[in-house]
Amino acid sequence: MGILNVTPDSFSDGGRYLDPDMAFRRGVQIVAEGADVLDVGGESTRPGSRGVSLQEELRRTIPVIRRLTKEVRVPISIDTAKAEVALRAIDAGASMVNDVTALRGDPAMASVVARHKAAVILMHMRGEPRTMQRRPRYHDVVADVASFLAAAAVRAQEAGVDPGRILVDPGLGFGKTVSHNLTLTRCLDRFVALGFPVMIGPSRKSFIGKTLNVEVDDRLAGTLACVAMAWWHGVHLVRVHDVKASIQCLQMLEAIRGAHASR
Ligand code: HH2
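Numbered per my numbering, the sequence shown spans residues 155 to 417.
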């Protein structure tokens, strides 16, 4: 899944694709680089962020989605917690809703997803972006996140979402310490065992920066290590900024797994 942030303030690419033409071109490029899904977002969820108005989020995302739908052949996902944005994005051609609140943020979101038969990514987050990094604590981070996701999937189905269209995501960086994020990445098989396709979003995040002591522009190697771990555990989708490098990493892993020379 390639990331297209149409925002001025995203933590790693904020401001680069705020211009609609630049956003459109980057979207086309992400797909040309081999992404299977394109995730378009108009609101940063970085720690401490406060969110944008409905009108502003619509203005950033909908025209870009409408143009990209006509141009690219991969599914388009809308990264939003607002039901109205999801609805308008679906109307413009999106077929997946990436909701970092796991349908808890907007009471109308579940019915929009269900009615329009969209796929949905249910992500774990502790608290909300403004406050989530204040002393995050868990009893057992892997078990707590897994049971949250299992319950979120039940709630989604009760609201009419087709179970075949549900994906789950442990939410790396959303209310977690470095050690929580590393532990979740080491135990991704526990989320795969829930029975839904799993997505993770490690790309350039601060737990990589803190582990390797590198700034945001220097986190590709750390991101690729997470991509490889995700592959190893059978994760289905990885949300990344660096699509080309991530695809090469996956192709290499597949080539190694498929190798069978006897001598
Ligand atoms: N991470 C970010 C945004 N959306 N969605 C899911 N499902 N999983 C994630 O891990 C995830 C996400 C944060 O990354 P980014 O979009 O690069 O930054 P920002 O929120 O600052 O726009």
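Backbone N, C-alpha and C fix where the C-beta goes; we use that ideal spot for every residue, glycine too.
Rounded Cβ spacing between residue i and residue j (contact assumed at less than 8 Å)
i: residue 247; j: residue 219; result: 6 Å
i: residue 360; j: residue 395; result: Not a contact, Cβ separation roughly 14 Å.
i: residue 165; j: residue 204; result: With a Cβ gap of about 14 Å, residue 165 and residue 204 do not count as contacting.
i: residue 299; j: residue 250; result: With a Cβ gap of about 21 Å, residue 299 and residue 250 do not count as contacting.
i: residue 272; j: residue 319; result: 7 Å
i: residue 341; j: residue 296; result: 5 Å
N-terminal and C-terminal residue of the alpha helix (DSSP H) that residue i is part of
i: residue 376; result: 374–386
i: residue 310; result: 295–312
i: residue 335; result: 332–340
i: residue 343; result: 343–346
i: residue 266; result: 263–269
i: residue 212; result: 208–225
i: residue 409; result: 397–412
i: residue 366; result: 360–366
Span of the beta strand (DSSP E), counted from its first residue to its last, around residue i
i: residue 194; result: 192–195
i: residue 247; result: It is not in any beta strand (DSSP E) - residue 247 carries neither H nor E in the DSSP assignment.
i: residue 175; result: Note, residue 175: premise wrong, no beta strand (DSSP E); alpha helix (DSSP H) at 174–186.
i: residue 231; result: 230–233
i: residue 322; result: 320–323
i: residue 158; result: 156–159
i: residue 326; result: Premise fails: residue 326 is in no beta strand (DSSP E) and is neither H nor E.
i: residue 286; result: Note, residue 286: premise wrong, no beta strand (DSSP E); not H, not E.
i: residue 274; result: 273–277
C-alpha gap between residue i and residue j, whole angstroms
i: residue 158; j: residue 416; result: 44 Å
i: residue 397; j: residue 175; result: 20 Å
i: residue 232; j: residue 266; result: 13 Å
i: residue 260; j: residue 155; result: 24 Å
i: residue 324; j: residue 385; result: 15 Å
i: residue 339; j: residue 355; result: 10 Å
i: residue 373; j: residue 214; result: 27 Å
i: residue 321; j: residue 278; result: 11 Å
i: residue 364; j: residue 328; result: 15 Å
i: residue 162; j: residue 311; result: 35 Å
i: residue 369; j: residue 313; result: 42 Å
i: residue 212; j: residue 196; result: 8 Å
i: residue 333; j: residue 224; result: 42 Å
i: residue 367; j: residue 316; result: 42 Å
i: residue 255; j: residue 335; result: 18 Å
i: residue 216; j: residue 306; result: 27 Å
i: residue 240; j: residue 337; result: 32 Å
Cβ neighbour criterion (16 or more within 10 Å) applied to residue i
i: residue 351; result: buried
i: residue 169; result: exposed
i: residue 285; result: exposed
i: residue 227; result: exposed
i: residue 308; result: exposed
i: residue 280; result: buried
i: residue 376; result: buried
i: residue 283; result: buried
i: residue 400; result: buried
i: residue 180; result: buried
i: residue 406; result: exposed
i: residue 378; result: buried
i: residue 198; result: buried
i: residue 371; result: exposed
i: residue 253; result: buried
i: residue 193; result: buried
i: residue 264; result: buried
i: residue 480; result: What the structure shows of the chain is the stretch from 155 to 417, and residue 480 is not part of that stretch, so it cannot be assessed.
Any non-hydrogen atom of ligand 2 closer than 7 Å to residue i Cβ
i: residue 367; result: The ligand content of the structure shown is limited to ligand 1, which means ligand 2 is not among them.
Please determine if the region 377–393 and the region 337–357 are in contact, where contact requires at least 3 C-beta pairs separated by less than 8 Å. The answer is yes - the region 337–357 touches the region 377–393, with three or more Cβ pairs under 8 Å.
Contact between the region 198–209 and the region 180–188 (3+ Cβ pairs under 8 Å): Not touching, per the Cβ criterion.
Spell out a yes or no on whether the region 288–304 and the region 232–246 are touching, meaning 3 or more CB-CB pairs, one atom from each, closer than 8 Å. Verdict: no, contact absent.
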